[in-house]
Amino acid sequence: DSGVTQTPKHLITATGQRVTLRCSPRSGDLSVYWYQQSLDQGLQFLIQYYNGEERAKGNILERFSAQQFPDLHSELNLSSLELGDSALYFCASHSPGQRNYGYTFGSGTRLTVV
Amino acid sequence: ELKVEQNPLFLSMQEGKNYTIYCNYSTTSDRLYWYRQDPGKSLESLFVLLSNGAVKQEGRLMASLDTKARLSTLHITAAVHDLSATYFCAVDMTLDKIIFGKGTRLHILP
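Residue numbers (the working numbering), protein chains in the order written: chain A, 61 to 174; chain B, 69 to 178.
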């Protein structure tokens, strides 16, 4: 157990629907990062939050949004889902003082859009 | 924009052989990470390389970093089947994000 908790582990939904993925960072970590992993695109950085504030944006579609709550857990919302959104979604966490120890990843949410 | 290139992307090798995976990146950074991923699983941190000339070893894996050449290597010595996985390098630009290479899928034949 890495200490980063992601739920649900698997999600199957239809095109056009909306889903929410949840991530609880490791205890003490203030930053949460979201990544999308698909076969053809590899690991793509989506967005980062630090202590409730958005810090950086990557290749995140307008149909996707995220937030980090006061208790530091984060949610990634995916709407108007398309077949191409099927992927593994990972979150990672770390704290600035722990940067030398790398980033800790959760076990991921596998999203299948049918 | 930072680009991180790994090669090879696929590698099939015999047990007992040595090989090296290369990771090139396009802009200055002094932090580089190597991760391992088994199929359908999460990413496991292998090495954190923090400065030019850093070398770290764990079992049959050894990683090094040359920040002047913007190159990191992951060397596998006397490969065993259990090392079959996908290996990613990732470059840390700032506190904002890390950028991953496409990964090297390593298949070690018994």
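Ideal Cβ placement from N, Cα and C applies to all residues, glycine included.
All figures in this text were calculated on a predicted structure; none of them were measured in a lab.
With respect to L114 (chain B), T172 (chain B) sits apart: the two C-beta atoms are not nearer than 8 Å. The DSSP-derived three-state label of L121 (chain A) is coil. The Cβ-Cβ distance between L71 (chain A) and T164 (chain A) does not fall below 8 Å. Taking a cut-off of 8 Å on C-beta distances, the region 149-159 of chain B touches the region 99-109 of chain B, as three or more cross pairs fall below it.
Among the CB atoms of chain A, one or more fall inside 8 Å of the CB of I166 (chain B).
Distance from Y149 (chain A) to Q128 (chain A) at the Cβ level is roughly 15 Å; contact not present, criterion being Cβ atoms closer than 8 Å. The alpha carbon of S140 (chain B) has as its nearest neighbour, out of B:S152, B:K124, B:T154, B:D150, the alpha carbon of B:K124. Judged by their CB atoms, A147 (chain B) and S132 (chain B) are not nearer to each other than the 8 Å cut-off. In the structure shown, the three-state DSSP call for D61 (chain A) is coil. Comparing C-alpha distances from E73 (chain B) to each of B:K170, B:S119, B:T95, B:H175 shows the shortest one belongs to B:K170.
By the C-beta criterion, the region 103-117 of chain A is judged not to be in contact with the region 87-102 of chain B, since fewer than 3 inter-stretch pairs fall below 8 Å. G169 (chain B) carries a coil assignment under DSSP once its states are collapsed to helix, strand and coil.
Using a Cβ-Cβ cut-off of 8 Å, F156 (chain B) is close to L103 of chain A, given in chain order.
Secondary structure of L141 (chain A) (DSSP, three-state): coil. Against chain B, a Cβ distance below 7 Å from G162 (chain A) picks out Y101, S113, V116.
Under the Cβ criterion of 8 Å, S110 (chain B) is counted among the residues facing chain A.
DSSP places A147 (chain B) in no beta strand (DSSP E); its state is neither H nor E.
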